[in-house]
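Participant: I have a structure here, written as structure tokens, and I will follow up with some questions on it.
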Ligand SMILES: Nc1ncnc2c1ncn2[C@@H]1O[C@H](COP(=O)(O)OP(=O)(O)OP(=O)(O)O)[C@@H](O)[C@H]1O
Ligand SMILES: Nc1ncnc2c1ncn2[C@@H]1O[C@H](COP(=O)(O)OP(=O)(O)OP(=O)(O)O)[C@@H](O)[C@H]1O
Ligand SMILES: [Mg+2]
Ligand SMILES: [Mg+2]
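Residue numbers (the numbering used here), protein chains in the order written: chain U, 1 to 310; chain V, 1001 to 1282; chain A, 2001 to 2511; chain G, 3001 to 3345.
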């Protein structure tokens, strides 16, 4: 209870939003639109899993949005060339892993601060993509959407895959030695080195993993519509980082878990549709979103103020 | 852009083209001021922010640079001519009339815009609402949501609109990524035909949905022609061939255009639908 | 880890041999050709002044630093490019002078991360981790919950966790860098037993300490380092304390506490029934007079540090009253405490005592902004000369006042931490382990300074786990147990009396 | 002792010197590559005085935000809300003047107070509730922008400011763009605060070791609060300058500026983990980015290149990586050299 206070307070905020919806806008709870909402958020969740890992290891990656765009466009172009889906999927993940490795090499190999490195790669990738594509859509051939499975099956597949990643990484972080290494490196990299772990390698791998997950997520997004917009990932980094830190993962590393990140993600994902359902005018959206972020963490702040932290 | 390049080549002039990919007033001012110090002959702008850009444009005029606006106008005293494919009023009315035609003039509809602050979007929205009030009392605008020029976000917003407003008859998107986004949402919700989709966009981005009958009509101002015409107008202006009070302008292969006041009119917006979409590829 | 699996290939060669090791940090040469040998089944003490290179030496042995030159031979085999993981595999375990723990993780996990071998993809066995942590901690007599997060532990508790880690490794070479620096009497003796036990099992122990009595109690041989060079290895038998000090310092010196020469004056500080629920301090009452040195004794976790934190406003008291020079104080923050002339030298110097990345000068003047820079405008010249003055007075071994504190040896860092508070010229000085990790020469200097301050009318509260120090320096001694003051003894008490008070009352408290 | 002092100084100035070289190289490159004579025989492009002044004018707002962020980042904090606050302040300023009918100086004064107040909100949440700055300012980043949009319903634009006010943003005073003077004054003030007073010393200490600072009796909470209030105040100044430059106040003012400002600060050598950094570094960072951006925009005249926007983004990224790599290169080389020859099995 004590250790999971932040996660619980975010979950409580989520419950409040959901209850408000149940009372004032029960239409929110129709199965099909709800499934659609979840499907839309599934790629974000997959990226959030990777991002949580990166942040727990005391790094950050703000280039995920740009990576997502690049992977989407690559996957789209390959699919448009007629590559079969079972090749496009790994290609997209590999593309992401490559970009992640680039970040990882700079951060772990040269020991540069990750926020600056990924800021640089973000700008570079995004503007590079603009330069090459000039915002033009990629039209996909039939059979790419829903991976050729049909809509409902495809949506379930995507949602369940994302949840699968969540559970796998959530449990892995807690119960696999590798997961604990991530915490150790984030908690104190020098102590990790002295304990015989390899913090630089861990950092590198975490970035590669995030890249690969971003590539997969891009594919999960591409599979939801018959076209790819090169801008598709813009703003993703902020959304994902917000979800993860609101969910209690400490930006200073070593603390937090995926369940909190999941709650944070759902909370933020619910705000926009909730406002639509409650017929709140769109001008208020950002203000309310900001207020919710603040309120969700204020409880945590009040508590830590009372219970004398050392 | 392509049209502009073509015209520039035909006329043998050098064209500088710069456009922020994200709509941003301050950046546009910086670009214009940059051109002023570069000492160009003519500046043509699609104003992002009417008032903001006008100060920069007046400065340009003071230095003897000819100023044109296209697509979105600035303050009238800050430019010589406005190359207009359609007035915002015309676009607003065109959109609303088409929406009314599709819904039979009654029922709820919702709008997807690029952002809540972009000047041209606000202008068009204003005219849509004015037209609605004036001519279609039985129709009701139930929601306006921004999509940040992202197709994916438009899709999410449209999905929420659909379930929040069960009586929705039509979604109108006035930014180009909004139309396919809304169409995909309607299609996934299984409401094809029941909820109509229309808006401003390009044929290639919407072809699939138009053919499937999800999207009913796409209104387009022909950007290629607009660029072409703008360049011709600019060159004419620079050579002093185009003066206040002129009534026509000859523009290469596109023929002659009429000038009303200080508006050079490109003509009526074009409407794509199932019947004619296959004739266009861009 | 069964020790027997690591059979020695050749029993006659030493377990560990270092020859001509050199190491520089930037321009500073920490080691300039050190030779050292460790036999199986011996306790080999490594001695030297602060900054002599002891910690650097052992960091090279554990693979934490790469040497610039020289060879390391483990059990007859030359090893090169040693990494921490490789050292671990060779059976080398270490208690670092600065605890290298993971603050956000639990005690059990901290221990497990050091000890568990195996692939990164194995499953973590949480119950087994907890049991092992519990067993290891019990072996050294520490009552620390395996599920506690390390960042909530006090400095001595962290040191105990470090010791548990080293023990659990089942290594054949165990290195201890000032393991008892912040441990109290009882824990020290449990540790001595552990060391003897290791020796009996054929483990080679390298033991670093500035407490000479420990050396005579534990060690078989000593090697003395001076200025990064080994100046000789000697069997402990036949060495006297003075001889040892001469080897270390290069001149004659005795380890005698300076005599009390002043007569305490008026009562300066009155503490009545003070308690703080958050930190477990309850019903503490005592007085300290101006010019008096009031010692505080007790076991680890007795609450002495917590009491000091209350008096310094870090964890404000929620009951009782504190009076300083006749004025009743409500101390809610260190700023208020400082404004009233209270200074506190904390026990955890790396986290609280100094800021490692800032220059010495900044660290020294940190608590002095109001006085040294009354207009908030920095005066670099004044700052520098003040710093130089303390560097000279306390014999801080450093490259100059602009050197970052992190580049100093542990003992020299402690001197900087002390200098900061001496510079504030307080009325009440609370010293928490002021001489931990400080070499004999400097220790004597610090003792003389404390005496001088007392003579000038300061009230001093001296918390130290070095019992002889408390006995030798204090005018009166308060003994704490379980967060409360259980006895106040006269200054000339002896060790058994104080220990009895500390132990007896805990037993009573537990009952 | 003397050599040690020099070492320390060299370490301190290394990054800034490097940046200075980059800046000079950039400037020289654009001076020669970006200046031509146009058909009318007038010298145009990067090399003109006008262009230099434009660069200065365009950099003022982002420069101010970067100045505001430097102390924040030195305390190991972050303020993502400055760009949004710029927007909110611009709106409030417009409203006070236009709807409230207040004279410009009064409206400006009130706007500054409101900016400081908004900074105070960040400060309260961060210091009183001990919430992480990243989350707090992420929240207020949305909140401030959202309020600006809500107040204006997205569309109200305040214009028609008097000439005397527009003078601040569009004209020159004593030979320099008027707002540049304001910028220099603020820069000098922040520089003195950070480098010459105990405040700056305290920011650094807090950034390196907040607990250590508390134990040293430094007023950690008050200094942190100061830093965020100051950021709010400077964002308000930037808002007024922005309004004067564009002649309009609108809810989207300053969108995305926080990212540019952070880029400039970290390019200037301030560590995102706090403790190290300098105001002159930040100024160099701002200048390096501004010259790059504007210089590239001048190149098309010469090279017929038509993607200045994208190229400048691309090159800013590359520049950032380059500056970073260069600043750690000596350390890495030294590391390699001191490595022993063969790692053991
Ligand atoms: N990271 C570092 N950077 C620069 N100099 C260092 C560093 N670590 C140690 N030194 C220097 O190396 C010398 C030896 O330090 P070391 O820590 O080995 O001393 P020590 O013998 O352990 O002293 P103590 O008894 O005080 O712990 C000192 O002069 C110290 O300043
Ligand atoms: N906030 C807290 N809540 C509960 N218990 C605490 C808290 N802070 C410290 N303690 C515990 O109170 C006990 C007193 O610790 P403290 O460090 O004061 O002991 P000590 O007597 O100073 O030991 P030493 O003299 O060896 O430093 C410890 O067991 C510590 O873990
Ligand atoms: Mg040492
Ligand atoms: Mg203590």
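Just so it is clear, CB atoms sit at the ideal spot from N, CA and C, and this is done for glycine as well.
Hey, how far is the Cα of residue 1212 of chain V from the Cα of residue 138 of chain U?
Facilitator: C-alpha separation (whole angstroms): 18 Å.
Participant: For residue 2190 of chain A versus residue 2481 of chain A, is the C-beta spacing smaller than 9 Å?
Facilitator: No, the pair does not count as a contact, with Cβ atoms beyond the cut-off.
Participant: Is residue 2492 of chain A near ligand 1 - that is, is its Cβ less than 8 Å away from at least one heavy atom of it?
Facilitator: Not under cutoff, so the answer is no.
Participant: Just to check, is the beta-carbon of residue 2210 of chain A closer than 8 Å to a non-hydrogen atom of ligand 1?
Facilitator: Because some heavy atom of ligand 1 lies under 8 Å away, the Cβ of residue 2210 of chain A counts as near it: yes.
Participant: For residue 3095 of chain G, does the three-state DSSP call read helix, strand or coil?
Facilitator: Helix, per DSSP.
Participant: Kindly indicate which residue of V:1063, V:1152, V:1106, V:1199 has the alpha-carbon position closest to the one of residue 1270 of chain V.
Facilitator: That would be V:1199, whose Cα lies nearest to the Cα of residue 1270 of chain V.
Participant: Is there a C-beta anywhere in chain U that falls below 9 Å from the one on residue 2331 of chain A?
Facilitator: It does not; no Cβ of chain U falls within 9 Å.
Participant: Note down the Cα distance separating residue 3196 of chain G from residue 3205 of chain G, rounded to an integer number of angstroms.
Facilitator: So the two alpha carbons sit approximately 14 Å from each other.
Participant: Pair every Cβ in the region 2231 to 2251 of chain A with every Cβ in the region 2261 to 2273 of chain A, then say whether three or more of these pairs are closer than 8 Å.
Facilitator: Too few Cβ pairs lie closer than 8 Å, so no.
Participant: Is DSSP giving residue 145 of chain U helix, strand or coil here?
Facilitator: Looking at residue 145 of chain U - three-state DSSP - the assignment turns out to be helix.
Participant: Give the C-beta separation of residue 3074 of chain G and residue 3203 of chain G to the nearest angstrom, bearing in mind that I take them to be a contact with Cβ-Cβ under 8 Å.
Facilitator: At roughly 5 Å, the Cβ-Cβ gap stays under 8 Å, so residue 3074 of chain G and residue 3203 of chain G are in contact.
Participant: On a Cα-Cα basis, can you pick out the residue from A:2015, A:2093, A:2162 that is closest to residue 2072 of chain A?
Facilitator: Closest option to residue 2072 of chain A, Cα to Cα, is A:2015.
Participant: Quick check on the DSSP output: the beta strand (DSSP E) that includes residue 2204 of chain A runs from which residue to which?
Facilitator: First-last of the beta strand (DSSP E) with residue 2204 of chain A: 2204 to 2208.
Participant: Tell me which same chain residues have a C-beta within less than 8 Å of the C-beta of residue 3214 of chain G, skipping the five on either side of it?
Facilitator: The residues are 3220.
Participant: Taking all protein chains shown into account, decide if residue 2077 of chain A is buried (16 or more other Cβ within 10 angstroms of its Cβ) or exposed.
Facilitator: Residue 2077 of chain A comes out exposed.
Participant: Shorter than 8 Å, the distance from the beta carbon of residue 2443 of chain A to the closest heavy atom of ligand 1, or not?
Facilitator: No, ligand 1 has no heavy atom inside 8 Å of this Cβ.
Participant: Can you grab the Cα-Cα spacing for the pair residue 15 of chain U / residue 1185 of chain V, in whole Å?
Facilitator: If I take the Cα positions, the gap works out to 26 Å.
Participant: Taking the beta carbon of residue 3173 of chain G as the centre, do at least 16 other beta carbons fall within 10 Å, making it buried, or is it exposed?
Facilitator: Residue 3173 of chain G comes out exposed.
Participant: Which residues share a DSSP beta bridge with residue 2044 of chain A?
Facilitator: The partner list for residue 2044 of chain A (beta bridge, DSSP) reads A:2206, A:2221.
Participant: Looking at residue 2368 of chain A: is its Cβ nearer than 9 Å to the Cβ of residue 2404 of chain A?
Facilitator: Against a cut-off of 9 Å, the Cβ pair of residue 2404 of chain A and residue 2368 of chain A comes out as no contact.
Participant: Would residue 1011 of chain V and residue 1038 of chain V be called neighbours here (beta carbons separated by less than 9 Å)?
Facilitator: Not closer than 9 Å, so no.
Participant: With residue 1110 of chain V and residue 1161 of chain V assumed to form a contact (beta carbons below 8 Å), what rounded beta-carbon distance in angstroms separates them?
Facilitator: With a Cβ gap of about 5 Å, residue 1110 of chain V and residue 1161 of chain V count as contacting.
Participant: Take residue 2447 of chain A and list the residues in its own chain whose beta-carbon comes closer than 7 Å to its own, dropping the five residues that flank it on each side.
Facilitator: Here the set comprises 2257, 2258, 2473.
Participant: How about the region 2022 to 2042 of chain A and the region 2053 to 2070 of chain A: do they share at least three Cβ pairs that are nearer than 8 Å?
Facilitator: Segments in contact, yes.
Participant: Can you find a heavy atom of ligand 1 that lies under 8 Å from the Cβ of residue 2052 of chain A?
Facilitator: Yes, the Cβ of residue 2052 of chain A comes within 8 Å of a heavy atom of ligand 1.
Participant: Kindly give me the distance between the Cβ atoms of residue 211 of chain U and residue 67 of chain U, rounded to whole angstroms, as I take these residues to be in contact under 8 Å.
Facilitator: Confirmed, Cβ separation roughly 6 Å.
Participant: Rounded to whole angstroms, what is the Cα-Cα separation between residue 285 of chain U and residue 1238 of chain V?
Facilitator: Cα to Cα, residue 285 of chain U sits roughly 47 Å from residue 1238 of chain V.
Participant: Between the region 2050 to 2081 of chain A and chain G, which residues of the former have CB atoms less than 8 Å from a CB of the latter, in chain order?
Facilitator: Within the region 2050 to 2081 of chain A, the qualifying residues are 2066, 2067, 2068, 2079, 2080, 2081.
Participant: Using beta carbons (cut-off 9 Å, strictly below), is residue 3246 of chain G in contact with chain V?
Facilitator: Yes - at least one Cβ of chain V is within 9 Å of the one on residue 3246 of chain G.
Participant: Less than 9 Å separating the beta-carbons of residue 117 of chain U and residue 106 of chain U?
Facilitator: Closer than 9 Å, so yes.
Participant: What are the start and end residues of the beta strand (DSSP E) that includes residue 3160 of chain G?
Facilitator: Counting along the chain, residue 3160 of chain G falls outside any beta strand (DSSP E), and DSSP gives it neither H nor E.
Participant: Quick one: what's got a C-beta closer than 7 Å to residue 308 of chain U's C-beta in the same chain, skipping five residues either side?
Facilitator: Any answer about residue 308 of chain U is weak, because its pLDDT of 41 lies below 50 and its placement is not dependable; what the coordinates show is given next. Correct list: empty, nothing qualifies.
Participant: Give the residues from the region 1121 to 1141 of chain V that approach chain G closer than 7 Å (Cβ to any Cβ), ordered along the chain.
Facilitator: For the region 1121 to 1141 of chain V, which is checked against every Cβ of chain G, the residues closer than 7 Å are 1122.
Participant: Going by DSSP, what residue range makes up the beta strand (DSSP E) through residue 1172 of chain V?
Facilitator: Element bounds for residue 1172 of chain V: 1168 to 1173.
Participant: For residue 231 of chain U, would you say it is in contact with chain V, using Cβ-to-Cβ distances shorter than 9 Å as the test?
Facilitator: Cβ-Cβ to chain V under 9 Å: yes for residue 231 of chain U.
Participant: In the DSSP output, what is residue 1217 of chain V paired with across the bridge?
Facilitator: Residue 1217 of chain V pairs with V:1198.
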